[in-house]
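Please read the structure below before turning to the comments.
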Amino acid sequence: MHTHCVFLFIFACFYASSKASLVEIESPLNVSKRDPGSVFYTLTGGPQLSGCWMMSMKVGAAQFDKIMVDTGSSDLVIPGQSVNAYSGTRYDTTGKYQYGSSVSSGYAGGASWKGGFFSDTIDIGGSRSIATFAVMYYQTPDNVVADGSWTQGILGLAYDALARAPVAPKTVFSSFVSNNVFTQDVFAFRGCPATSKSKSYLDFGATDDSLTCTSTNQPLGWVQVTSKTYYVVNVLKVGVDGGEVALPSDWQSDYDRGSIVDSCTTLLILPKGVFDAFVAAIKKSGVLAKAGMSAAFQNAFLYQYTGMSSRYFNLDFASLPKISFVLQKADGTGTVTLTMSGFNYIQGDGQGYFYFPVSRSASTSIIFGATLFQAYYIVFDRAGGRIGFGPGCDCASNDASTVAQVSVSGSGGVPKNQASAIDDSLKKSDSRPARLGQLSIAIYVTLCLV
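Structure (structure tokens):
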């Protein structure tokens with residue numbers, strides 16, 4: 065989810081509490097109840113669960129259990145007492161000081177809001193700090209930011225550059241880091257699909273190795289962040305079914321000449337030429353036709369976010385083509401290749417339907433949305449300007465061929481099967497002075513994609 069014209073103001077006095085805890089939340093599915101006898105089902109608003117992963121947090125006295133986690137924006141935005149088109153928990157600004165004048169902001173999906181900025185104590189999984197956040201007075205009624213039923217607000221985790229605060233720190237996450245609540249400017253995201261036996265977590269501190277596939281002894285592939293606004297990465301090549309896809313001369317002309325990693329974009333969004341080559345390879349494999357899909361069903365499945373019932377269509381996932389993305393390595397001396405098989409890019413919704421959550425756009429850049437997040441364990445090393453990718457969900461129960469792959473050219477992969485190796489790697493990337501006697505704090509927040 066991409067933000068525009070966002071302002072954030074930070075209160076000068078700080079209070080911090082560093083208590084780590086594990087928070088689990090219920091998984092509300094943003095889909096309609098289906099007829100179990102239906103052959104297919106078309107979702108509205110996008111495939112699968114249509115939205116972002118959710119987490120709980122407390123802002124002042126207000127408890128919110130459905131805050132969207134967005135790596136494509138930078139602000140915490142919650143509903144105020146007077147906001148329209150909303151029914152649920154609200155933040156009461158009575159007696160609170162508003163910083164500056166009211167502002168307007170919007171997201172790429174069309175939702176927008178107006179409101180002001182306030183400071184209060186924010187509690188994330190038992191860890192608390194004072195930070196500044198946006199309170200909505202108004203939102204577009206036909207395309208809301210939060211409705212109170214499925215969503216109650218949004219927490220942006222992108223870089224501070226997307227916020228316009230006149231003082232630092234400019235974001236909630238940076239406030240927690242600045243106040244030593246989170247002693248490392250890094251978080252890890254494990255967003256498992258609806259059919260997974262693994263839980264989804266947001267790990268502030270990225271110190272828990274149990275969230276990735278330790279049994280594989282596979283290092284993280286560290287990718288360079290080329291612009292500290294969104295999480296912008298440089299995709300050098302795209303491969304489909306073993307062949308390289310021809311990229312246009314204006315490749316990655318958006319997002320500061322890169323592609324972005326965005327948890328609140330539901331889809332893997334590819335430029336038209338890449339998408340067309342990918343779909344052509346899927347059709348050529350004959351897997352959909354052999355499963356009994358007519359040409360019309362295949363087009364609905366591949367182009368219209370139409371889910372097919374596993375009761376009627378038995379796909380040979382292993383025979384589907386793979387898609388790979390070759391990215392610039394963090395140290396600039398090699399590459400990291402992310403490879404997804406049919407087991408990864410065709411995903412189930414937990415209700416007996418499977419979908420193809422991939423789309424095309426007129427952009428020349430890629431948006432690595434929730435489709436990628438459900439395939440990988442992803443570490444966002446903000447201070448080090450890099451993102452680490454590794455396998456993370458159902459590693460013990462799945463055959464190796466079903467797990468999304470990461471390969472690294474050259475040296476520099478950081479082992480993720482020992483906590484000491486993680487800590488040493490992240491400390492090296494932290495530009496702040498070492499704080500002797502402090503331990504890294506990892507906060508685990510259970511996430512759900514809705």
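Heads up, the sequence shown is in this note's numbering, so the first residue is 65 and it goes up one at a time. For glycine and all other residues, C-beta sits at the position ideal for the given N, C-alpha and C.
Residue state for G217 is assigned as strand, using DSSP reduced to three classes. Contact between the segment 236-256 and the segment 144-163 is not established, with fewer than three Cβ pairs separated by less than 8 Å. Nearest Cα to Q248 within the set G448, M404, Y441 and V472: G448.
Note on geometry: alpha-carbon atoms of R446 and F342 lie some 32 Å from one another.
The count of Cβ pairs closer than 8 Å, one atom from the segment 282-296 and one from the segment 406-415, stays below three, leaving the stretches out of contact. Spanning the alpha carbons of F453 and L221 requires a straight line of approximately 17 Å. The beta carbon of V123 sits closer than 7 Å to those of I142, Y155, D184, I186 and F197, all from its chain and outside the five residues before and after it, given in chain order. Counting every other CB atom within 10 Å of its CB across the protein chains shown gives S120 a total of 16 or more, marking it as buried.
Inclusion of C457 and S327 in the CB contact set at 8 Å is not warranted, their separation being larger than that value. Here A252 really is in contact with L275; their C-beta atoms are around 6 Å apart, less than 8 Å. One alpha carbon belongs to T204, the other to Q368, and they sit about 26 Å apart.
Look at S317 here: in three-state DSSP terms it is coil, with no helix or strand label. Taking the Cβ atoms as the reference, V287 lies roughly 7 Å from K393, within the contact range of under 8 Å.
Per the DSSP secondary-structure output, T185 pairs in a beta bridge with I194. The C-alpha of Q145 lies about 47 Å from the C-alpha of V390. Using a Cβ distance threshold of 8 Å, M372 and Y440 do not count as a contacting pair.
Runs of the beta strand (DSSP E) lying entirely within the segment 346-401 and spanning at least 3 residues, in chain order: 370-373 and 387-392. Straight through space, the alpha carbons of A149 and R424 are spaced by roughly 31 Å. In this structure, K354 lies near D380, with their beta-carbon atoms less than 8 Å apart.
The beta carbons of V302 and I451 sit no closer together than 8 Å. Sixteen is the threshold: since fewer than 16 other Cβ atoms of the shown chains lie within 10 Å of the Cβ of A344, the residue is exposed. Rounded to whole angstroms, the separation of the alpha carbons of M118 and A434 is 13 Å. L436 sits in a helix when the DSSP states are folded into three classes. C-alpha of Q216 to C-alpha of T397: approximately 43 Å in a straight line.
By the C-beta density criterion, G179 is buried, having at least 16 other C-beta atoms within 10 angstroms. Under DSSP, the beta-bridge partners assigned to L334 are R424. With contacts defined by Cβ atoms closer than 8 Å, S169 and Y223 do not form a contacting pair. When secondary structure is reduced to three states using DSSP, F246 falls in the coil class, being assigned neither helix nor strand. The straight-line gap separating the alpha-carbon atoms of I431 and L334 is approximately 7 Å. Taking 8 Å as the upper bound for CB-CB distance, F365 and F420 are in contact here, some 6 Å apart. Within the same chain, and ignoring the five residues on either side of G414 in sequence, the residues whose Cβ sits closer than 7 Å to its Cβ are A258 and T259. Out of Y202, S176, Y201 and G212, the CA that lies nearest to the CA of Q127 is found in G212. Burial is judged here by how many other beta carbons sit within 10 angstroms of a residue's own beta carbon; D395 has fewer than 16 and is exposed. A382 sits exposed, since fewer than 16 C-beta atoms from the chains shown fall within 10 Å of its C-beta.
Judged by DSSP in its simplified three-state form, S176 adopts strand. A direct Cα-Cα distance of roughly 16 Å separates K234 from I218.
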